[in-house]
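Scroll down for the structure; my scribbles are underneath it.
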Amino acid sequence: MIEAFTSIDRFAWPWAFAALALLPLLVLIWSRRASRPSAIYSATRIARAGSPSLRARLAWLPALLRLICLALLITALARPQSSDDRTRQTTEGVALQLVLDRSGSMEDEQTIIDGQRVERLEAAKSVLAEFIGGNGDDLKGRDGDLLGLIAFASYADTITPLSREHDTLLELLADIDAPQIREERGTAIGDALALAAARLKRAEDELARKQAERGEDDFQLKGKAIVLLTDGENTAGTEDPRAAAALAKDLGVRVYCIGIRGGVQRGFMRTQQIDEGLLTDIAEATGGRFWAVDSGDRLREIYAEIDTLERTTIQLDEMTDYRERFTPWLAGALACLCLEVLLGATWLRRLP
Numbered sequence: 002m003i004e005a006f007t008s009i010d011r012f013a014w015p016w017a018f019a020a021l022a023l024l025p026l027l028v029l030i031w032s033r034r035a036s037r038p039s040a041i042y043s044a045t046r047i048a049r050a051g052s053p054s055l056r057a058r059l060a061w062l063p064a065l066l067r068l069i070c071l072a073l074l075i076t077a078l079a080r081p082q083s084s085d086d087r088t089r090q091t092t093e094g095v096a097l098q099l100v101l102d103r104s105g106s107m108e109d110e111q112t113i114i115d116g117q118r119v120e121r122l123e124a125a126k127s128v129l130a131e132f133i134g135g136n137g138d139d140l141k142g143r144d145g146d147l148l149g150l151i152a153f154a155s156y157a158d159t160i161t162p163l164s165r166e167h168d169t170l171l172e173l174l175a176d177i178d179a180p181q182i183r184e185e186r187g188t189a190i191g192d193a194l195a196l197a198a199a200r201l202k203r204a205e206d207e208l209a210r211k212q213a214e215r216g217e218d219d220f221q222l223k224g225k226a227i228v229l230l231t232d233g234e235n236t237a238g239t240e241d242p243r244a245a246a247a248l249a250k251d252l253g254v255r256v257y258c259i260g261i262r263g264g265v266q267r268g269f270m271r272t273q274q275i276d277e278g279l280l281t282d283i284a285e286a287t288g289g290r291f292w293a294v295d296s297g298d299r300l301r302e303i304y305a306e307i308d309t310l311e312r313t314t315i316q317l318d319e320m321t322d323y324r325e326r327f328t329p330w331l332a333g334a335l336a337c338l339c340l341e342v343l344l345g346a347t348w349l350r351r352l353p
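Numbering (the working numbering), first residue to last: 2 to 353.
Written out as structure tokens, the structure is:
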């Protein structure tokens, strides 16, 4: 009850307080009416000689209760309200399906990153982790975006479904290794691309279903894209890469292709070649881009460029909710009115 009186932040109809100016006029009218004698005595000396009783001393109480009742009613009419300021964040995010080549050549050949020679797969994982979580420099992180991870060699596997929570994705990314069985160390670009497009379509449908059920959601899908990183040619799988690109185009998905080549060769092994023509066709067919890189450092620059192209927009809406607080004032006015009527009809009753 006390909170209802102390938490008032504003009055919606403050002009109602102008009615308080009528209260002094009512006091004047009531005082004049009370000064008129109720009974006429031939001599008032005896009445003045007697001491007034408690009832006589409290004869003004009903009038006071009536004034308080009117003041409380006027306050309730002014609509006292408490406010609840809050900020609603609406994210216009991007659904990104990260596709990582983990074929045998990604383990067999090395590249340079930060002045060190590391396996291509380790360099790719390091840059991807920076792309997802940020590195405090040119990569800001992808907070608020739907991110999923697919790794592929001879077979394409979903490592994590599309999600706005990226901690698990980063943990599983660190555990990705190249297959050790020779038959599984191929490069199924077409299968990986088709799986990524299907995952994006499923995530979009699921998001639409949730929004329809709840009426509103704080995440709006602004775009869908696939970021494909490979160091080779399509040598495995059942899906044709160009057909998979056509599927992605039909679903409104852009494909960014990155081919990592060159670098440092181990021993006398033949350097893996990338199919630049295929990757260029995939990117151009879907409205994306193709880059060929020669080092892990250049790979980081490409992911920074993609980070700029596919950017999330966060909109902050300031909103204030007002709660009506007139009920306690109305209840107080009713209590004063009831008490006035009760006293006026019983203990403080006046005759005639």
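Positions of the beta carbon are idealized from the N, C-alpha and C atoms, including for glycine.
In this structure, the beta-carbon distance from leucine 340 to leucine 66 falls below 8 Å. With contacts defined as CB atoms closer than 8 Å, phenylalanine 153 and valine 228 fail to qualify as a contacting pair. For asparagine 136 and alanine 189, the gap between their C-alpha atoms comes out near 31 Å.
In summary, glutamate 108 is buried, with 16 or more beta-carbon neighbours lying within 10 Å of its beta-carbon over all protein chains present. Taking all protein chains shown into account, glycine 289 has 16 or more neighbouring C-beta atoms within 10 Å of its C-beta and is therefore buried.
Here leucine 310 is not near isoleucine 261, since their CB atoms are 8 Å or more apart.
Nearest Cα to leucine 196 within the set Leu129, Thr281, Glu240, Asp178: Glu240. DSSP lists Ile113 as the beta-bridge partner residues of arginine 118. Counting along the chain, alanine 244 sits inside the alpha helix (DSSP H) bounded by residues 242 to 251. Rounded to the nearest whole angstrom, the CA to CA distance from glycine 134 to alanine 213 is 31 Å.
Within a 10 Å sphere around the beta-carbon of proline 25 sit fewer than 16 other beta-carbons, which makes this residue exposed. Of the candidates Glu184, Lys202, Asp139, the residue whose Cα lies closest to the Cα of glycine 224 is Lys202. According to the DSSP assignment, tryptophan 292 belongs to the beta strand (DSSP E) that extends over 291 to 294.
Closest in alpha carbon position to isoleucine 259, among Gln274, Ala286, Val294, is Val294. The beta carbons of glutamine 82 and alanine 19 sit about 19 Å from each other, so the pair does not count as a contact at 8 Å. If you draw a straight line from the Cα of threonine 328 to the Cα of leucine 73, it comes to about 10 Å.
Counting the other CB atoms within 10 Å of its CB gives valine 342 a total below 16, which places it among the exposed residues. Beta-bridge partners of tyrosine 323 (DSSP): Ser84. About 11 Å separates the Cβ atoms of threonine 161 and leucine 147, ruling out a contact at the 8 Å cut-off. Per the coordinates, the alpha-carbon of glycine 253 lies some 12 Å from the alpha-carbon of alanine 199. Looking at the backbone, the Cα of aspartate 158 and that of proline 180 are separated by about 12 Å.
Closest by C-alpha distance to glycine 187, out of Gly345, Arg103, Ala286, is Arg103. DSSP places arginine 186 outside both helix and strand once states are collapsed to three, so it counts as coil.
Within 10 angstroms of the beta-carbon of isoleucine 182 lie fewer than 16 other beta-carbons, which makes it exposed. Cβ-Cβ distances below 7 Å link isoleucine 307 to Val228, Tyr257 in the same chain, with the five nearest sequence neighbours on each side left out; the list follows chain order. Assignment of lysine 211 by DSSP, reduced to helix, strand and coil, places it in the helix class.
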